[in-house]
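Residue numbers (full-length UniProt numbering): 1 to 213.
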């Protein structure tokens, strides 16, 4: 823990020394300081190999948000919270832990060359022995989930609908299944309705981890 604290302090010292350079490199909502971003990544991986970050800005003139996560690994939640808890106050940028819910929820997402719509995904949320099991249904389920951009898009939709932290700590398992021809006949619901259903169930289960299948 003491070593982690040292690395966390080193990370924030690096950010403080270089943040102006990073912000001034922004072109078309992208940061061009690739070497600097690589340095951030390298230090974060020394703290915890699962740490990730990305940038968002809600409005043209609003502050940039640097959002930290752990790529869905619940064992690294503490690292994210410790890192953001030690963040300095800097002008022009805010530091946040995890992807929060979005309002409004996006109706479509482009991942690479794949255009994915929220309406393409259906779900079932089951409470089994006070454990929430989430099933995501889509056409032509891939054998290798990591290679299909639709899976990445679905995870972005899930973050937007229920938030990354609650996805990791309230969902026991997440399964990917083939979408039947008539999904409502199988009791499935459009993914857009997940937030309402999840919020009605989440307080009945204890915080837990997530297992991907």
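Glycine residues also receive a C-beta, built at the ideal position from the N, C-alpha and C atoms.
Whole angstroms is fine: what's the gap from residue i's alpha carbon to residue j's?
| i | j | result |
| --- | --- | --- |
| residue 152 | residue 158 | 10 Å |
| residue 105 | residue 127 | 25 Å |
| residue 12 | residue 26 | 20 Å |
| residue 82 | residue 36 | 22 Å |
| residue 199 | residue 47 | 33 Å |
| residue 80 | residue 184 | 39 Å |
| residue 141 | residue 164 | 23 Å |
| residue 14 | residue 66 | 14 Å |
| residue 113 | residue 148 | 11 Å |
| residue 31 | residue 39 | 14 Å |
| residue 54 | residue 108 | 19 Å |
| residue 4 | residue 23 | 27 Å |
| residue 182 | residue 154 | 20 Å |
| residue 7 | residue 189 | 45 Å |
| residue 129 | residue 201 | 12 Å |
| residue 253 | residue 178 | The first residue shown for the chain is 1 and the last is 213, placing residue 253 beyond what the model contains. |
| residue 18 | residue 87 | 14 Å |
| residue 16 | residue 197 | 42 Å |
Could you tell me whether the Cβ atoms of residue i and residue j are closer together than 7 Å?
| i | j | result |
| --- | --- | --- |
| residue 34 | residue 50 | no |
| residue 74 | residue 94 | no |
| residue 116 | residue 150 | yes |
| residue 176 | residue 131 | no |
| residue 162 | residue 195 | yes |
By alpha-carbon positions, which one of the options ends up nearest to residue i?
| i | options | result |
| --- | --- | --- |
| residue 191 | 79, 166, 93, 156 | 156 |
| residue 160 | 93, 178, 100, 17 | 100 |
| residue 91 | 195, 133, 20, 102 | 20 |
| residue 133 | 23, 204, 80, 110 | 204 |
| residue 124 | 69, 136, 147, 31 | 136 |
| residue 166 | 179, 194, 207, 131 | 207 |
| residue 169 | 189, 78, 139 | 78 |
| residue 180 | 194, 146, 201, 139 | 139 |
| residue 56 | 4, 102, 5, 87 | 102 |
| residue 145 | 89, 174, 189 | 174 |
| residue 193 | 154, 122, 182, 129 | 122 |
| residue 10 | 154, 41, 24, 23 | 41 |
| residue 44 | 23, 68, 24 | 68 |
| residue 76 | 182, 18, 52 | 52 |
When we look at the beta-carbon of residue i and count the other beta-carbons within 10 Å, is it buried (16 or more) or exposed?
| i | result |
| --- | --- |
| residue 97 | buried |
| residue 187 | exposed |
| residue 85 | exposed |
| residue 110 | exposed |
Taking only beta-carbon atoms, is residue i less than 7 Å away from chain B?
| i | result |
| --- | --- |
| residue 34 | Among the chains in the structure shown there is no chain B, since it carries only a single protein chain. |
Between residue i and the ligand HEM, is there a pair consisting of the residue's CB and a ligand heavy atom that are separated by less than 6 Å?
| i | result |
| --- | --- |
| residue 95 | Among the ligands in the structure shown, none appear at all, so the ligand HEM cannot be discussed. |
Practice item. Return the chain-ordered ranges of every beta strand (DSSP E) run that is complete within the segment 122–205 and spans a minimum of 3 residues. Key: 122–128, 131–138, 171–178
Review point. Taking only runs of the alpha helix (DSSP H) that begin and end inside the segment 8–92, which ones reach a length of at least 4 residues, in chain order?
Key: 34–47, 77–85
Practice item. Can you check the segment 96–123 for any beta strand (DSSP E) of at least 3 residues that lies completely inside it and give the ranges in chain order? Key: 108–111, 114–117
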